[in-house]
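Enquirer: Numbering (the working numbering), first residue to last: 1 to 612. Below is the structure I would like to discuss, written out as structure tokens.
Below, the structure is given as structure tokens:
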């Protein structure tokens, strides 16, 4: 017996010649030591009749082991469902709830019936904790008896009813409307408002209740269908309810009328988020942009960079938070799911940026493309599962159900790694092309371009803007981009590589931030060119003006090849004795600064920088 006890206490199996006889099991089941009986009750290789015998043990610790043991006979479960010890029933509730999904509707054998009989007893248990364990485990199971889900959904405790009301696929619209119209417990309506794919009829009734927390949850549920008339009712009340402003502004498929009304009362930071959305139509975008311009105009000297300041700050906060959670191992799929369900899409986008090591602007471009393959590829690059890819497609990209990329039968990604990399590279090339072209293909003006540049600078990529675009913040300085003093009046001139020519400031005009504004070019009675400087005397020589840098005939007359870049002022340094006389303004150029070679800098380089 001592050898048997040793094997039992060490958890060693009893097989072959070491297998316990029926008499040995009975002797262990009657052992005076509680620990011996507990060890025996937890084993999977003990005869069912011995486990049933232990289900009636006088010590609750022994009965708890039987309640949690999947090999215990169903008769023992039925017995323990009425156990006087709360912990015993809680252990049993968890086990039974986990067994239910493995029982198909066609199972009609005696063991299945006994399992459901045990469930029926537990769902009526007087202890809320027992019922809550059942509800949490069965909340998204489809083959639970319908009347069990109905009973849990109408429970008097929100910890029991809440999970079922929010997730159970067995609740119909009729069930939900009946619960809403009745006398629901506190928190029940919020749980319903957060259900995925709520239909318009249910949303209408929820709004009619006119409870702020319920409407807040409904607005934050991007998958909820809300009738336009119902949304208008909410918007009418929204100016005085600040917690509705952001979820309203970020609602999918906003009508032109709704967007215009919302833009009129939300805070600047929320308005900027509306402007940054990629899923609104051009006409709605124009309405929002007009409101942004109006507010910027009201702020006097406000600049486009200042107008996106709060958005940039929000992005940085989200990125910092995501990075910190990632370093702590807390940026899990569960955390991302909560963010998506709570409508915190900006944080979810920042999390994808951190996990996939791609710029935030690129993440937004992919999400806004509504391209299921691209979203799936981004999810894979972030090291997340295909299940999360489906959620990102549904709750962030708002892709129609018919176009959502679904997982393979085994739950794996349907895209090969090569195809996924191609999708990511495609969007990366798009971002690089936009950055190098210096233009926005969709016609957005400076405010939109600044927001994209800020996002690129935060990523610190090779396409980052020069420091002076953001007044020295965020971006990596590119040594081949000139940092002129006039680009930032607050910047110390001592650090500039190029002094302002005298004539650029002596005319008493505000210097142009684009190509150099030569007043004398306008004084000839001609409209200044919006491109490089229009020098009338270049045209008067009877030549066609170059659409690129200025065509100085005298540069050609010196038998020199004109530079295809900015003007090559050879005469400034190398002109022969019979070269045309230098213009006065050329003689008045400020002293050269050292260029690192120990001698005078090249005037051609200087003019390159001016005209660039």
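Just so it is clear, CB atoms sit at the ideal spot from N, CA and C, and this is done for glycine as well. Here the structure is a predicted model, which means the values were calculated and not measured.
What do you get for residue 37, buried or exposed, if any count of 16 or more other CB atoms within 10 angstroms of its CB means buried?
Expert: By the 10 Å Cβ count, residue 37 comes out buried.
Enquirer: Measuring CA to CA, which of 152, 201, 195 and 157 is closest to residue 174?
Expert: 201
Enquirer: Less than 8 Å between the CB atoms is what I'm expecting for residue 382 and residue 356, so what's the real figure, rounded?
Expert: 4 Å
Enquirer: Among 32, 156, 50 and 34, which has the Cα closest to the Cα of residue 21?
Expert: 50
Enquirer: Suppose you measure from the CA of residue 314 to the CA of residue 197; what does that come to, to the nearest Å?
Expert: 29 Å
Enquirer: Taking only runs that begin and end inside the region 246-292, name each unbroken beta strand (DSSP E) of 3 or more residues, in chain order.
Expert: Here no run is fully enclosed.
Enquirer: Report the option in 280, 268 and 323 whose CA atom is closest to the CA atom of residue 255.
Expert: 280
Enquirer: For residue 122, which residues from the same chain have a beta carbon less than 8 Å from its beta carbon, with the 5 sequence-adjacent residues on both sides left out?
Expert: The residues 81, 89, 92, 93, 96, 130, 131 and 134, in chain order, have a CB closer than 8 Å to that of residue 122 in the same chain once the five nearest residues on each side in sequence are set aside.
Enquirer: Count the CB pairs spanning the region 259-270 and the region 242-251 that are closer than 8 Å, and state whether there are at least three.
Expert: yes
Enquirer: If distances are taken between C-alpha atoms only, which option among 365, 235, 185 and 186 comes closest to residue 207?
Expert: 235
Enquirer: Would you mind listing the beta strand (DSSP E) stretches within the region 143-173 that are 3+ residues and don't spill past its ends, in chain order?
Expert: none
Enquirer: Compare the C-alpha of residue 270 against each of 244, 253, 294 and 283 and name the closest.
Expert: 244
Enquirer: Where does residue 555 fall in DSSP's three states?
Expert: With a pLDDT of only 42 at residue 555, under the threshold of 50, the placement of this residue in the model should not be trusted; the figure read from the coordinates follows. Helix, per DSSP.
Enquirer: Hey, how far is the Cα of residue 41 from the Cα of residue 72?
Expert: 9 Å
Enquirer: Which of helix, strand or coil does DSSP assign to residue 210?
Expert: coil
Enquirer: Nearest to residue 385 by CA position, among 424, 370 and 337, is which residue?
Expert: 337
Enquirer: Under the three-state reduction of DSSP, which class applies to residue 364: helix, strand or coil?
Expert: DSSP places residue 364 in helix when its eight states are reduced to three.
Enquirer: Exposed or buried, residue 34, counting other C-beta atoms within 10 Å across all chains shown (16 or more means buried)?
Expert: exposed
Enquirer: Alpha carbon to alpha carbon, how far is residue 69 from residue 168? Give it in angstroms, no decimals.
Expert: 27 Å
Enquirer: Does DSSP classify residue 468 as helix, strand or coil?
Expert: For residue 468, the predicted structure reports a pLDDT of 42, less than 50, and the residue's modelled location is therefore unreliable. A value from the coordinates is still provided. Residue 468: helix per DSSP, three-state reduction.
Enquirer: Span of the alpha helix (DSSP H) holding residue 638?
Expert: Nothing about residue 638 can be reported from this structure: the residues present for the chain run from 1 to 612 only.
Enquirer: So, for residue 403: in the same chain, excluding its five sequence neighbours on each side, which residues have a beta-carbon less than 7 Å away from its beta-carbon?
Expert: A distance below 7 Å between beta-carbons, with the five flanking residues on each side excluded, links residue 403 to the following residues of its chain, in chain order: 372.
Enquirer: Since residue 128 is in the alpha helix (DSSP H), which residue starts that stretch and which ends it?
Expert: 128-138
Enquirer: If distances are taken between C-alpha atoms only, which option among 260, 430, 148 and 400 comes closest to residue 125?
Expert: 148
Enquirer: Can you give me the Cβ contacts of residue 393 inside the same chain, cut-off strictly under 7 Å, excluding the 5 residues immediately before and after it?
Expert: Within the same chain, residue 393 has close Cβ partners 372, 375, 399, 404 and 405.
Enquirer: So, under 8 Å CB-CB, residue 116 and residue 145 are touching, yes? Tell me the CB distance rounded to an integer number of Å.
Expert: Contact flag correct, Cβ pair sits at about 7 Å.
Enquirer: Quick check on DSSP: helix, strand or coil for residue 47?
Expert: coil
Enquirer: Using the Cα positions of residue 258 and residue 232, report the straight-line distance between them to the nearest angstrom.
Expert: 7 Å
Enquirer: Run through DSSP, which three-state label would residue 195 get?
Expert: coil
Enquirer: Near residue 137, which residues of its chain fall below 6 Å by C-beta distance, leaving aside the five closest residues on each side in sequence?
Expert: Only 97 meet the Cβ criterion.
Enquirer: Which of the three DSSP states is assigned to residue 572 in this structure?
Expert: Bear in mind that a pLDDT of 43 at residue 572, under 50, signals an unreliable position, so the model cannot answer this.
Enquirer: When burial is assigned at 16 or more other CB atoms within 10 Å of the CB, is residue 596 buried or exposed?
Expert: Because the pLDDT of residue 596 is 42, which lies under 50, any placement of that residue in the model is unreliable, and the number read from its coordinates should be weighed accordingly. Looking at its Cβ environment, which holds fewer than 16 other Cβ atoms inside 10 Å, residue 596 is exposed.
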